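Structure first, then comments.
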Amino acid sequence: MHRYGLKKMEPRSCDTFVALPPTTVDNRIIFGKNSDRPCDEVQEVVYFPAAVHDNLKEHLKCTYIEIDQVPETYAVVLSRPAWLWGAEMGANEHGVCIGNEAVWGREEVCDEEALLGMDLVRLGLERADTAEKALNVIVDLLEKYGQGGNCSEGRMVFSYHNSFLIADRNEAWILETAGKYWAAEKVQEGVRNISNQLSITTKIDREHPDMRNYAKQKGWWDGKKEFDFAATYSYLDTAKMMTSSGRYCEGYKLLNKHKGNITFETMMEILRDKPSGINMEGEFLTTASMVSILPQDSNLPCIHFFTGTPHPERSVFKPFVFAPNISQLSDTSSPTFEPEYSVKKKPHFNIKPDRRHPLYQKHQEALEILDSKEGIKIPIAPHPWVLSFLFPQEQENPCFLLFPYCSIRIQV
Numbered sequence: 050m051h052r053y054g055l056k057k058m059e060p061r062s063c064d065t066f067v068a069l070p071p072t073t074v075d076n077r078i079i080f081g082k083n084s085d086r087p088c089d090e091v092q093e094v095v096y097f098p099a100a101v102h103d104n105l106k107e108h109l110k111c112t113y114i115e116i117d118q119v120p121e122t123y124a125v126v127l128s129r130p131a132w133l134w135g136a137e138m139g140a141n142e143h144g145v146c147i148g149n150e151a152v153w154g155r156e157e158v159c160d161e162e163a164l165l166g167m168d169l170v171r172l173g174l175e176r177a178d179t180a181e182k183a184l185n186v187i188v189d190l191l192e193k194y195g196q197g198g199n200c201s202e203g204r205m206v207f208s209y210h211n212s213f214l215i216a217d218r219n220e221a222w223i224l225e226t227a228g229k230y231w232a233a234e235k236v237q238e239g240v241r242n243i244s245n246q247l248s249i250t251t252k253i254d255r256e257h258p259d260m261r262n263y264a265k266q267k268g269w270w271d272g273k274k275e276f277d278f279a280a281t282y283s284y285l286d287t288a289k290m291m292t293s294s295g296r297y298c299e300g301y302k303l304l305n306k307h308k309g310n311i312t313f314e315t316m317m318e319i320l321r322d323k324p325s326g327i328n329m330e331g332e333f334l335t336t337a338s339m340v341s342i343l344p345q346d347s348n349l350p351c352i353h354f355f356t357g358t359p360h361p362e363r364s365v366f367k368p369f370v371f372a373p374n375i376s377q378l379s380d381t382s383s384p385t386f387e388p389e390y391s392v393k394k395k396p397h398f399n400i401k402p403d404r405r406h407p408l409y410q411k412h413q414e415a416l417e418i419l420d421s422k423e424g425i426k427i428p429i430a431p432h433p434w435v436l437s438f439l440f441p442q443e444q445e446n447p448c449f450l451l452f453p454y455c456s457i458r459i460q461v
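Taking this note's numbering, the leading residue of the sequence shown gets 50, the next gets one more, and so forth.
Written out as structure tokens, the structure reads:
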């Protein structure tokens, strides 16, 4: 139980992937993530333009705390739980993509409100134009402000440390944390994925300066054998993480199965895979998905695909490209509410408003029809570029468009 008597959620959620040449087609980096969250949580897709911040005396309001602002922030597109400030995953105008994972280990999870891992995702995207610079942003903020707080809207407590997969047009970084301590691994080729467990072992390219000494002081490492971050900072009893271990291994197998031929369609197929558990069902559900194409040729645009809806096997991945004069994404933006519904109001989460955006509502309506006796059940979104249709049995007009608009517009 939480110290305030709230029930804690069991550890689970999310899978993030990256594939780099030579495992991909056409010299591209492919990024993908499933966001697994409480089944009744709405995830929105939102765009924030680049901005210059002249008054640096004004603090930036994140989900729970305020931090120092920076002079300039980059344009970002985010997929995020509609109740918070940060993001589960997203991209910026420079082709940087970040997704985070919940991880647990020997280091105690802090219940005190600090920066959420999802806040750190958005901050990394807003403040960095390369993957490694985003890593620098995150670890600097982690050292200064810490991580902590409830990551769920409601009377359940879901608190954790975070791992991050950060990619750009040239490389990827895995960043894994335990409190303020961290290790990072550079990925320049091949495939890599993260799940709800520490995965960096002995290949450590960057680290917190006191990470090894702290482990030694705690008795987790004797200082003699080769240092293994995951083995040192993970639970002694790893049975708690068996589910995520299975997803981690299955995800790695799926990536390797397609080595040399990985495309964005391949990544979407992996995110839709149910037998592996990557496409999650139940109390914790895949509530949103993202796939990005990051060409190494800087003359080509990065393309980011978002579902903005749960059930990736029954959702359309809709494309987004950074371009001048992008309009707000009203169809995938949740309604805003008065201050009494704010996460900053204490006590938190006494009232849970209806945060469904227009696309989410249309998705629900379509699924109800598909699951009813009146509809002919057909595969949904057999190809990411194809909108699916439903043909009711008893109607003169046989066509019903499942998604009557593309919620993410490319405006040039």
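Using N, Cα and C, we set each Cβ at its ideal position, and we do this for glycine too. In this text the structure is predicted, and so the values were computed from the model without any measurement.
Could you pull the start and end residues of the beta strand (DSSP E) that A124 belongs to? Within the sequence shown, the letter at position 75 stands for residue 124. If you look at A124, you'll find it isn't in any beta strand (DSSP E); DSSP assigns it neither H nor E.
L334 - containing beta strand (DSSP E), residue span: By one-based count along the sequence shown, residue 334 stands at place 285. Residue range 333 to 344 is occupied by the beta strand (DSSP E) that includes L334.
Quick check on this structure: which residue in L419, D420, D64 has the alpha carbon closest to the alpha carbon of R241? If you number the sequence shown from 1, residue 241 lands on position 192. Its Cα nearest to that of R241, the residue D64 stands out among L419, D420, D64.
Exposed or buried, what is I327 when buried is set at 16 or more other beta-carbons lying within 10 Å of its beta-carbon? As a working mapping, residue 327 is identified with position 278 in the sequence shown. By the neighbour-count rule (16 or more Cβ atoms within 10 Å), I327 is buried.
Proximity below 8 Å, CB of T112 to CB of L169: Here residue 112 refers to the residue found at position 63 of the sequence shown. Here residue 169 refers to the residue found at position 120 of the sequence shown. Between T112 and L169, the C-beta spacing is not below 8 Å.
If we require 4 or more residues per run, which alpha helix (DSSP H) segments fall completely within the stretch 222 to 277? If only complete runs of 4 or more residues are kept, the stretch 222 to 277 shows the alpha helix (DSSP H) at 260 to 266, in order along the chain.
Residues in its own chain within less than 6 Å of T122 by CB, not counting five upstream and five downstream? The residue labelled residue 122 in the question sits at position 73 within the sequence shown. Cβ neighbours of T122 within its own chain (closer than 6 Å, five residues either side excluded): A100, E175.
Cα separation between P361 and K273? Taking the sequence shown and counting its residues from 1, the one referred to as residue 361 is at position 312. Taking the sequence shown and counting its residues from 1, the one referred to as residue 273 is at position 224. Using only the alpha carbons, I get a separation of about 47 Å.
Check whether the stretch 299 to 312 touches the stretch 182 to 200, taking contact to mean three or more Cβ pairs, one atom from each stretch, closer than 8 Å. Fewer than three beta-carbon pairs drawn from the stretch 299 to 312 and the stretch 182 to 200 are found closer than 8 Å, and the two stretches are therefore not classed as touching.
Within its chain, find whatever has a CB closer than 8 Å to the CB of V67; leave out the 5 residues flanking it on each side and keep chain order. Your numbering for residue 67 matches position 18 in the sequence shown. Excluding residues within five positions, the ones whose Cβ falls inside 8 Å are I78, I79, F80, G81, L214, A216, A221, V236, V240, R241, N242.
Residues near A232 in its chain [Cβ-Cβ closer than 7 Å; skip 5 each side]: To locate residue 232, count along the sequence shown from 1; it is residue 183. Excluding residues within five positions, the ones whose Cβ falls inside 7 Å are E225, I249, I253, E256, M260, F278.
Collapsed DSSP secondary structure at H210 in the structure displayed: One-based indexing of the sequence shown puts residue 210 at position 161. The three-state secondary structure of H210, taken from DSSP, is strand.
Q246 vs Y297 beta-carbon contact at 8 Å: The count along the sequence shown starts at 1 and reaches residue 246 at position 197. The count along the sequence shown starts at 1 and reaches residue 297 at position 248. Closer than 8 Å, so yes.
What does DSSP give as the partner residues of E115 in its beta bridges? Along the sequence shown, one-based indexing puts residue 115 at 66. The partner list for E115 (beta bridge, DSSP) reads K110.
How should G148 be labelled, buried or exposed, when 16 other C-beta atoms within 10 angstroms of its C-beta is the threshold for buried? Walking along the sequence shown from the start, residue 148 turns up at place 99. The residue is buried, with at least 16 neighbouring Cβ atoms inside 10 Å.
Suppose contacts are defined by Cβ-Cβ distances below 8 Å. Is Q196 in contact with N219 by that definition? Taking the sequence shown and counting its residues from 1, the one referred to as residue 196 is at position 147. Taking the sequence shown and counting its residues from 1, the one referred to as residue 219 is at position 170. No; because the gap between Cβ atoms is not below 8 Å, this pair is not in contact.
Taking its Cβ as the centre, do 16 or more other Cβ atoms sit within 10 Å of L105, making it buried, or is it exposed? Position 56 of the sequence shown holds residue 105. Exposed: under 16 other Cβ atoms inside 10 Å.
Among C88, S244, M339, T251, which has the Cα closest to the Cα of G139? Taking the first residue of the sequence shown as position 1, residue 139 is located at position 90. Minimum Cα distance to G139 is reached at M339.
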